[in-house]
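Engineer:
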Amino acid sequence: MFNEILNLVKEHETWRTRKCLNLIPSENIMSPHVRALLSSELAHRYTSRDRFYMGTQYTDKIEQYGEKLAKQVFRAETADLRPLSGHIADLIVLANLTKPGDVLMCIRPEDGGYPGMWNEGLAGLLKLKTVAFPFSK
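Residue numbering for the sequence shown follows this note's numbering, starting at 2 and increasing by one per position.
1. Counting beta carbon pairs with one atom in the region 115-127 and one in the region 89-107, are three or more of them shorter than 8 angstroms?
2. Take the Cβ of T18 as the centre, count every other Cβ of all protein chains shown within 10 Å, and call the residue buried at 16 or more, exposed below.
3. Would you tell me roughly how many angstroms separate the C-alpha atoms of N29 and F134, rounded to the nearest one?
4. So which of S137, D112 and K100 has the shortest CA-CA distance to G125?
5. Output yes or no for whether 8 angstroms exceeds the beta carbon distance between L43 and T60.
6. Would you decide whether F131 is buried or exposed? Buried here means 16 or more other CB atoms lie within 10 Å of its CB.
7. Smallest Cα separation from R36: which of N8, E14, K128 and D112?
8. In angstroms with no decimal places, state the Cα-to-Cα distance between R83 and L129.
9. Take L38 and list the residues in its own chain whose beta-carbon comes closer than 8 angstroms to its own, dropping the five residues that flank it on each side.
10. With a cut-off of 8 angstroms on the beta carbons, I'd call S27 and G87 a contact; round off their distance for me.
11. Would L123 be called buried (16 or more neighbouring beta carbons within 10 Å of its own) or exposed?
12. Thinking just about the alpha-carbon of each residue, which of D91, M2 and E111 is nearest to the one in I25?
13. So within the region 25-86, which uninterrupted beta strand (DSSP E) runs reach at least 3 residues, ignoring any that extend past its ends?
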C-alpha cells in the first residue's frame with residue numbers, strides 16, 4: 002500500500018509541475034533549496050516568542066538570520082517572520098497594490114475559485130470590481 006501511495010504522490014507531483022498551470026501563489030513551484038528546508042526535521046517544529054519550549058536553540062538562530070535578512074531586504078528597522086494565513090496575505094497584497102474601483106480578475110467561487118477573493122470577501126471589503134477569469138471547464 003505504501004508504494005501505491007508513493008506512486009500517487011509522484012504522479013500528482015508530475016501533474017502539478019509539468020501539466021498544470023498553478024494560479025494560486027501558495028501552489029507555485031518551490032526552489033530546491035526551499036524544498037530541502039521544508040523536508041528537514043525542522044519542518045514540523047514550531048516555537049513560541051515566549052520561549053517556553055526547550056530545545057529551540059537552532060530554530061532561534063535560524064529565526065534571527067531570517068529576521069536580519071528581512072530587515073536588509075525591506076530596509077526595515079524590525080521584521081517578524083511568523084507566518085500569516087493565506088487570506089491575510091491576500092489582504093496585505095490587495096490593500097497595498099490596489100485602490101477602490103480597480104479591477105480584480107479571479108475565478109468565481111462557483112467555478113472553484115477562492116470565495117474570500119470575490120465580491121463577498123476581500124474584493125468587496127476593498128471596493129474592488131471583480132471580473133471572472135475566463136477558462137474552459
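Quick reminder that beta carbons are idealized off the backbone N, C-alpha and C, glycines included.
Structural biologist: A quick look at the data gives this:
1. yes
2. Exposed is the call here.
3. Near 18 angstroms, if we compare the C-alpha coordinates of F134 and N29.
4. K100
5. yes
6. What sits at residue 131 in the sequence shown is Thr, not Phe. By the 10 Å Cβ count, T131 comes out buried.
7. E14
8. 28 angstroms
9. Result list for L38: A44, in chain order.
10. 6 angstroms
11. buried
12. D91
13. none
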